[in-house]
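Chemist:
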Amino acid sequence: MSKHSSWQEFSLGVRAQLPLQLGVVPFGMVFGVLGLAAGLTPLETVLMSTLVFGGASQVVFVQLWSAGAPPLIVGGSVAVVNARHLLYSAAMAPYLLSRPLAWRIVLAYLLTDEAFAVSSKRFEDVGNQVDVHYHLLGSGLTLWVCWQVATLFGVYAGTTIPESWHLELAIPLTFIALIAPSLRHRPHLAAACLSSLVAVLGQGLPYNSWLILAALAGIVVGGWVGPHTGSGSVSGDES
3 MSKHSSWQEF SLGVRAQLPL QLGVVPFGMV FGVLGLAAGL TPLETVLMST LVFGGASQVV
63 FVQLWSAGAP PLIVGGSVAV VNARHLLYSA AMAPYLLSRP LAWRIVLAYL LTDEAFAVSS
123 KRFEDVGNQV DVHYHLLGSG LTLWVCWQVA TLFGVYAGTT IPESWHLELA IPLTFIALIA
183 PSLRHRPHLA AACLSSLVAV LGQGLPYNSW LILAALAGIV VGGWVGPHTG SGSVSGDES
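Laid out in structure tokens, this is it:
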């Protein structure tokens, strides 16, 4: 593997990740504010971003923690939210199994929603090239640095941000931007529509349990629609 090729893949990962930070940075700032509001210390809030490094699960944790939810509910909700990383790792495994264990551990830590969204496309385009993992390294590190800086800013300067800015909107908008381009087939669209409906209608449920119900509903309907419709796209083409 050449240094030029490795650096080129790393740079491509960085450049592909940078546009997504328009949503990630406000997201991280919101988490910094929420962490303090939930009773965490500044150090605990920052350490959660460093050790957990999972935006959605971090927000779920602090919301349930501040609401006094039982530990089982808190842990279960966070586990359900993070279960999607099992799918990410399974999708990336064929491209990374030949890499040394140390590499796989680092890349597993960096494999988040945004990193998967941009690097999985690169992996599919170029296949199992010897240096393609540098793309995920560049993408993941870019996200990691921006997330830490945004959390720090939220912790130490978040209270000075006007509420009229509504930075909390960055959270759903970030995930919509990631998911919308991938809704090409009927099972994907069915899962997205039903889980969204359950999430909206279930807002009054205690301990944010709507989150678990919405995820389960999406999984069930996606699994049911897939075998019954084949791999037809949302435009109506059937294979």
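Residue numbers (our numbering): 3 to 241.
Where a beta carbon is used, it is the ideal one built from N, C-alpha and C, also for glycine.
#1: Using only alpha-carbon positions, find the residue among His135, Pro28, Ser91 and Ala216 that is nearest to Val83.
#2: What does a CB cutoff of less than 8 Å around Ser211 pick up in its chain, not counting 5 residues either side in sequence?
#3: Measuring straight from C-alpha to C-alpha, what distance separates Ala119 and Gly25?
#4: Going along the chain, which residues of its own chain have a beta-carbon closer than 6 Å to the beta-carbon of Leu14, five neighbours each way excluded?
#5: How big is the Cα-Cα spacing for Val236 and Gly206?
#6: Between the beta-carbon of Leu213 and the beta-carbon of Val64, is there less than 8 Å?
#7: So Phe125 is in the alpha helix (DSSP H); what residue range does that whole segment cover?
#8: Using a Cβ-Cβ cut-off of 8 Å (strictly less than) and excluding sequence neighbours within five positions of Val227, which residues of its own chain qualify?
#9: Counting C-beta neighbours from all protein chains within 10 Å, is the total for Asp115 16 or more, i.e. buried, or is it exposed?
#10: In this structure, how does DSSP classify Gly56 when only helix, strand and coil are distinguished?
#11: Within its chain, find whatever has a CB closer than 6 Å to the CB of Gly238; leave out the 5 residues flanking it on each side and keep chain order.
#12: Measuring alpha carbon to alpha carbon, tell me which of Tyr97, Val16 and Tyr90 ends up nearest Asp127.
#13: Going by beta carbon distance, what residues of the same chain come within less than 8 Å of Trp146, once the five residues before and after it are set aside?
#14: Would Ser100 be called buried (16 or more neighbouring beta carbons within 10 Å of its own) or exposed?
#15: Quick one: does the C-beta of Val134 sit closer than 7 Å to a heavy atom of the ligand ZN?
#16: Considering only C-alpha positions, which residue in the set Gly142, Val108, Leu109 and Gln150 is nearest to Ser51?
#17: Do Ala85 and Trp67 have their CB atoms nearer than 8 Å?
Modeler: Considering the structure as presented:
#1: In the sequence shown, residue 83 corresponds to position 81, counting from 1. Closest by alpha carbon: Ala216.
#2: If you number the sequence shown from 1, residue 211 lands on position 209. Here the set comprises Ile75, Ser79 and Gly204.
#3: Mapped onto the sequence shown, residue 119 falls at position 117. Mapped onto the sequence shown, residue 25 falls at position 23. Answer to the nearest angstrom: the Cα atoms are 14 Å apart.
#4: Here residue 14 refers to the residue found at position 12 of the sequence shown. The answer, listed in chain order, is His137.
#5: Translated into the one-based positions of the sequence shown, residue 236 becomes position 234. Translated into the one-based positions of the sequence shown, residue 206 becomes position 204. Caution is warranted here: a pLDDT of 49 is assigned to Val236, below 50, making its placement in the model unreliable, and the coordinate value is therefore given only provisionally. Val236 and Gly206 have their alpha carbons spaced roughly 32 Å apart.
#6: Locating residue 213 in the sequence shown gives position 211, where the first residue counts as 1. Locating residue 64 in the sequence shown gives position 62, where the first residue counts as 1. By the CB criterion at 8 Å, Leu213 and Val64 fall outside the cutoff.
#7: Walking along the sequence shown from the start, residue 125 turns up at place 123. That run of the alpha helix (DSSP H) goes Asp115 to Val128.
#8: Here the question's residue 227 lines up with position 225 in the sequence shown. Residues of the same chain with a CB within less than 8 Å of the CB of Val227, apart from the 5 flanking positions on each side, are Arg188, Pro189, Ala192 and Ala193 in chain order.
#9: As a first step, residue 115 must be located in the sequence shown, where it is residue number 113. When all chains shown are included, Asp115 counts as buried.
#10: Translated into positions along the sequence shown, residue 56 becomes position 54. Three-state result, Gly56: coil.
#11: For the purposes of this step, residue 238 is taken as the residue at position 236 of the sequence shown. The predicted position of Gly238 is uncertain, since its pLDDT is 46 and thus under 50; a value taken from the coordinates is nonetheless stated next. Excluding sequence neighbours, Gly238 sits near nothing in its chain.
#12: One-based indexing of the sequence shown puts residue 127 at position 125. The shortest Cα separation from Asp127 among Tyr97, Val16 and Tyr90 belongs to Tyr97.
#13: In the sequence shown, counting from the first residue as 1, residue 146 sits at position 144. Excluding five sequence positions before and after Trp146, the CB atoms of its chain that fall closer than 8 Å to its own CB belong to Phe55 and Leu112, given in chain order.
#14: Position 98 of the sequence shown holds residue 100. Here Ser100 is exposed: its Cβ has fewer than 16 other Cβ atoms, across all protein chains shown, within 10 Å.
#15: Only the bare structure without any ligand can be found here, which leaves the ligand ZN out of the picture.
#16: By 1-based counting over the sequence shown, the position of residue 51 is 49. Ranking Gly142, Val108, Leu109 and Gln150 by CA distance to the CA of Ser51 puts Gln150 first.
#17: As a position in the sequence shown, residue 85 is number 83, starting the count at 1. As a position in the sequence shown, residue 67 is number 65, starting the count at 1. Trp67 is positioned such that its CB atom lies no closer than 8 Å to that of Ala85.
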